[in-house]
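Colleague: Residue numbers for the sequence shown follow the working numbering, beginning at 282 and rising by one. One structure, pasted below without further comment.
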Amino acid sequence: MPRNPTPPDRQSEERFNEERATYTMKGSQPDLETGIAAIREVQATLKPKPGVYRMIDARGDVLYVGKARALKNRVANYTQVERLPLRLKRMVAQTRSMTIVTTNSEAEALLLEAQLIKRYRPPYNVLLRDDKSFPFILLRADHDFPRITKHRGARRAKGNYYGPFASAGSVNTTINALQKLFLLRSCTDSFFARRDRPCLLYQIKRCSAPCVGRIDAAGYAELVGEAKDFLGGRSSAVQAKITTQMEEAAGALDFERAAMLRDRLRAATFIQGSQAVNAEGVGNADVFAVAQRNGQFGVQAFFIRGGQNWGHRAFFPAHTEGLDEAEVLTSFLAQFYEEVPPPRLILTDRELPEGELLAEALAGAAGGKVDISVPQRGDRRRLIQQAHRNAEEAIERRQAETGSKARLNRELAEFLELPEPPERIEVYDNSHVQGAHALGAMIVAGPEGFVKGQYRKWNIKAAQTNDDFAMMREVFQRRFARAQDEDPDRDGGMWPDLVLIDGGKGQMSAARDTLEELGIEDVPLIAIAKGPHHGRDGREVFHFPDGREKMLPVNSPLLFHLQRLRDEVHRFAIGAHREKRSRAITASPLDEIPGIGPARKRALLLHFGTAGKVRAAALEDLQRAPGVSAAVAQAVYDFYHPGG
282 MPRNPTPPDR QSEERFNEER ATYTMKGSQP DLETGIAAIR EVQATLKPKP GVYRMIDARG
342 DVLYVGKARA LKNRVANYTQ VERLPLRLKR MVAQTRSMTI VTTNSEAEAL LLEAQLIKRY
402 RPPYNVLLRD DKSFPFILLR ADHDFPRITK HRGARRAKGN YYGPFASAGS VNTTINALQK
462 LFLLRSCTDS FFARRDRPCL LYQIKRCSAP CVGRIDAAGY AELVGEAKDF LGGRSSAVQA
522 KITTQMEEAA GALDFERAAM LRDRLRAATF IQGSQAVNAE GVGNADVFAV AQRNGQFGVQ
582 AFFIRGGQNW GHRAFFPAHT EGLDEAEVLT SFLAQFYEEV PPPRLILTDR ELPEGELLAE
642 ALAGAAGGKV DISVPQRGDR RRLIQQAHRN AEEAIERRQA ETGSKARLNR ELAEFLELPE
702 PPERIEVYDN SHVQGAHALG AMIVAGPEGF VKGQYRKWNI KAAQTNDDFA MMREVFQRRF
762 ARAQDEDPDR DGGMWPDLVL IDGGKGQMSA ARDTLEELGI EDVPLIAIAK GPHHGRDGRE
822 VFHFPDGREK MLPVNSPLLF HLQRLRDEVH RFAIGAHREK RSRAITASPL DEIPGIGPAR
882 KRALLLHFGT AGKVRAAALE DLQRAPGVSA AVAQAVYDFY HPGG
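Take a look at the structure:
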């Protein structure tokens with residue numbers, strides 16, 4: 282087999298060897314014998330080495346990602362169809378080729394499997410359906426007066442990260458309390474550098490105002506040290522220290538300082554008292570419990586750090602047909618820790634079939650041995666039981682919500698005269714200010730709610746005036762022309778069953794005419810506009826492509842559902858437009874020069890003062906600027922003086 286030069290991740294070129302079968306069995310329709318033949322062709326070339334395999338269908342889409350201690354033996358199991366459950370028989374019948382990746386160990390294969398599942402989201406793997414990263418608290422270490430802030434995404438900034446937290450709300454609440462407790466700044470470095478008097482946070486006793494010298498570096502460093510101790514689990518020592526200082530201040534009749542220390546002590550008590558779960562004595566651990574009801578699985582997670590509960594969240598994995606709770610939890614954990622750094626202790630409510638292998642795979646990211654255990658008694662057992670109760674209750678709520686949404690979708694189909702309840706609803710809106718920074722937005726709603734990972738936005742190019750109809754035409758032309766190119770057969774799950782437009786007759790006509798020009802006549806279109814009193818009475822008018830109008834009663838649950846869809850696309854469009862406008866305001870003319878990055882732009886601006894002076898500078902002056910090479914100076918000069 283030839284080597285495929287594309288590595289599964291940035292570091293895998295040195296660690297893994299990826300091989301793709303050159304022989305792809307023909308036939309796009311599911312056929313068990315054809316699938317078995319394709320698998321046997323690959324199996325004949327394999328060796329009993331650890332690695333990861335991908336099952337691929339006739340279109341080249343990944344059906345399944347699996348890992349194995351011995352690839353040859355594991356892949357051979359798929360040719361013994363009489364032993365396979367119905368779910369895997371369907372997968373084999375669709376398989377037409379395979380991709381093989383060899384690894385150094387089974388633990389590496391487990392990690393790579395989780396990466397590839399997240400990348401390809403195959404239909405036959407258990408999927409962690411959660412498209413939001415977890416927030417952390419970041420205490421930065423790249424400034425004399427470190428800043429405390431909320432952080433998501435890659436951990437590139439220098440500093441101490443504390444988390445994960447279950448939600449942005451729990452992080453914000455904790456940061457607010459920590460500001461009262463330790464008086465740490467939360468402002469940006471540029472804001473900090475410009476201050477000549479304290480800001481409002483100092484006035485309300487949530488910052489010590491290091492920006493204007495109200496506290497020196499040593500005093501601030503002491504507060505930072507206390508914050509690290511508190512977040513690291515030594516909260517009792519911090520509280521005892523503050524209590525002692527408060528008593529000393531009161532004894533010295535320094536009542537103002539004593540009152541300030543009292544408020545800090547209350548903030549510490551608030552943080553600990555707001556914990557919904559008693560995790561005292563647990564230290565750093567993640568707690569997981571899984572429950573199942575009517576074929577749906579729910580996983581409840583508690584995040585314990587320093588004996589404090591930093592929030593909990595319920596997850597509902599997809600593609601779990603035919604699996605038991607332990608298998609679902611194992612697959613879930615492997616994907617969960619693909620992005621979240623694991624603690625040294627993971628508590629589960631049941632033994633995992635590959636618990637030791639998972640612990641070995643997570644040891645590198647955790648910085649030491651990881652213990653995955655099932656508590657049998659004491660506080661840890663009570664914590665697991667509480668997590669399990671929460672998992673069961675989460676499934677009950679989920680199924681109740683799903684039932685309500687299914688009923689609303691049936692009513693929606695009846696009201697909008699659709700042949701069946703829509704599975705995928707796309708909602709469109711435009712946002713601009715007098716035509717400037719125009720942007721189109723689309724949100725997606727499925728049977729279980731908003732699908733935020735499939736939201737899209739378009740920078741509108743053609744319409745430079747205040748013409749909403751032209752903007753809507755451009756958005757629809759770009760969206761559906763691309764859909765025709767990428768998924769002409771409409772079997773990729775990305776075509777809508779219903780399109781909802783935020784607008785009236787004009788927007789409806791623009792969208793309808795654009796789809797007709799593209800030859801698309803079977804996508805249901807509805808426009809939602811404010812009622813006769815501009816929506817003050819809660820009424821909405823629904824415009825149909827043929828010119829008909831309908832309305833719903835003011836207290837109709839279906840009306841509330843449709844308004845929620847419209848409000849969500851409006852929120853997304855406004856937010857994206859504000860972000861685009863902010864970038865335009867802070868943009869520099871130097872950004873347009875090829876090869877000029879942030880460092881060189883900063884060097885030019887520091888030397889000349891403004892972008893206008895850079896533009897007017899002679900070549901010799903550009904060459905004398907610190908940090909600017911002769912080649913860069915020539916590039917800048919040529920950009921502004923194309924004629925020489």
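Note that CB positions come from ideal geometry on N, CA and C, so glycine has one too.
Can you grab the Cα-Cα spacing for the pair L393 / F473, in whole Å?
Modeller: Spanning the two alpha carbons is a distance of roughly 43 Å.
Colleague: Throw me the rounded Cβ distance for the L699 and P805 pair, which I believe falls under 8 Å.
Modeller: The Cβ separation is near 6 Å, so the contact holds.
Colleague: Would G579 be called buried (16 or more neighbouring beta carbons within 10 Å of its own) or exposed?
Modeller: Its Cβ being crowded by 16 or more others within 10 Å, G579 is buried.
Colleague: Helix or strand or just coil, what does DSSP make of G579?
Modeller: Note: G579 maps to strand in three-state DSSP.
Colleague: With DSSP as the reference, please indicate the residues paired to A595 in a beta bridge.
Modeller: DSSP output for A595 lists Q581 as bridge partner(s).
Colleague: Under the three-state reduction of DSSP, which class applies to F920: helix, strand or coil?
Modeller: Three-state DSSP puts F920 in a helix.
Colleague: In the stretch 365-440, which residue ranges form an unbroken beta strand (DSSP E) of at least 3 residues, counting only runs that do not cross its ends?
Modeller: As far as the stretch 365-440 is concerned, its whole beta strand (DSSP E) runs of at least 3 residues are 378-383, 417-421 and 429-432.
Colleague: R350 by DSSP, collapsed to three states: which one?
Modeller: Here R350 sits in coil by DSSP.
Colleague: Under 7 Å, do L846 and L839 count as touching if we go by C-beta distance?
Modeller: Not in contact: L846 and L839 (Cβ atoms no closer than 7 Å).
Colleague: When the distance is taken between beta carbons, is V571 closer than 7 Å to E606?
Modeller: Result yes, Cβ atoms of E606 and V571 sit closer than 7 Å.
Colleague: Extract the residue ranges of the alpha helix (DSSP H) inside the stretch 748-789, only unbroken runs of 4 or more that lie entirely within it.
Modeller: Here the runs fully enclosed are 749-767.
Colleague: So, are the CB atoms of R355 and P331 less than 7 Å apart?
Modeller: Cβ atoms of R355 and P331: not closer than 7 Å.
Colleague: Return the bridge partner residues of F627 from the DSSP annotation.
Modeller: Looking at the sequence provided, one finds Ile at residue 627 rather than Phe. Looking at the DSSP assignment, I627 forms a beta bridge with D567 and I653.
Colleague: Grouping DSSP H, G and I as helix and E and B as strand, with all else coil, what is S467?
Modeller: S467 falls in the coil class under three-state DSSP.
Colleague: Can you tell me which of the three DSSP states L604 falls into?
Modeller: L604: coil per DSSP, three-state reduction.
Colleague: Threshold first: 4 residues or longer. Then list the alpha helix (DSSP H) segments lying entirely within the stretch 440-465, N to C.
Modeller: Listed in chain order, they are 449-463.
Colleague: Spell out the partners DSSP gives R847 in its beta bridges.
Modeller: None; R847 has no bridge partner.
Colleague: Return the CA-CA distance between G659 and L327, expressed in angstroms with no decimal places.
Modeller: Cα-Cα distance, rounded: 49 Å.
Colleague: Going straight from the alpha carbon of R466 to that of R368, what length do you get?
Modeller: Cα-Cα distance, rounded: 55 Å.
Colleague: Hey, could you find the ends of the beta strand (DSSP E) K831 is sitting in?
Modeller: Its beta strand (DSSP E) spans residues E830 to M832.
Colleague: State the Cα-Cα distance for the pair R793 and P826, rounded to the nearest angstrom.
Modeller: Near 7 Å, if we compare the C-alpha coordinates of P826 and R793.
Colleague: Can you tell me which residues form a DSSP beta bridge with V708?
Modeller: DSSP output for V708 lists I724 and L781 as bridge partner(s).
Colleague: Does the beta-carbon of S378 have 16 or more other beta-carbons within 10 angstroms, so that it is buried, or is it exposed?
Modeller: Its Cβ being crowded by 16 or more others within 10 Å, S378 is buried.
Colleague: Check for me: the beta strand (DSSP E) holding I807 runs from which residue to which?
Modeller: Residues L806 to K811.
Colleague: Taking N740 as part of the alpha helix (DSSP H), name the residues at either end of that continuous run.
Modeller: No alpha helix (DSSP H) holds N740; the beta strand (DSSP E) holding it covers R737 to N740.
Colleague: Whole angstroms are fine: how far does the CA of F415 sit from the CA of V651?
Modeller: Their Cα atoms are separated by approximately 21 Å.
Colleague: Considering only the alpha carbon of each residue, which of A325, G347, A339 and R340 lies closest to V333?
Modeller: When only C-alpha atoms are compared, the closest one is G347.
Colleague: Name the residue from D772, E755, E767 and S612 whose alpha carbon lies nearest to the alpha carbon of S790.
Modeller: Residue E755 is the option with its Cα nearest to S790.
Colleague: So, are the CB atoms of Y345 and N406 less than 7 Å apart?
Modeller: Contact: yes.
Colleague: Let's test the definition: count the other Cβ atoms within 10 Å of the Cβ of K786 and tell me whether it reaches 16, buried, or not, exposed.
Modeller: Label assigned to K786: exposed.
Colleague: Give a yes or no on whether the C-beta atoms belonging to P624 and A646 are separated by under 7 Å.
Modeller: No.
Colleague: Buried or exposed: S489, going by 16 or more other Cβ atoms within 10 Å of its Cβ?
Modeller: S489 should be labelled buried.
Colleague: Roughly how many angstroms separate the alpha carbons of A764 and K353, rounded to a whole number?
Modeller: Approximately 39 Å between the Cα atoms of the pair.
Colleague: Which whole-angstrom value describes the C-beta separation of L391 and A642, a residue pair presumed to lie in contact below a C-beta threshold of 8 Å?
Modeller: Their Cβ separation, rounded to whole angstroms, is 5 Å, which keeps L391 and A642 in contact under 8 Å.
Colleague: Nearest-angstrom Cα distance between A447 and N457?
Modeller: Each residue's alpha carbon lies about 16 Å from the other.
Colleague: Rank R594, Q666 and Q735 by C-alpha distance to the C-alpha of M723 and give the top, closest one.
Modeller: Nearest C-alpha to M723: Q735.
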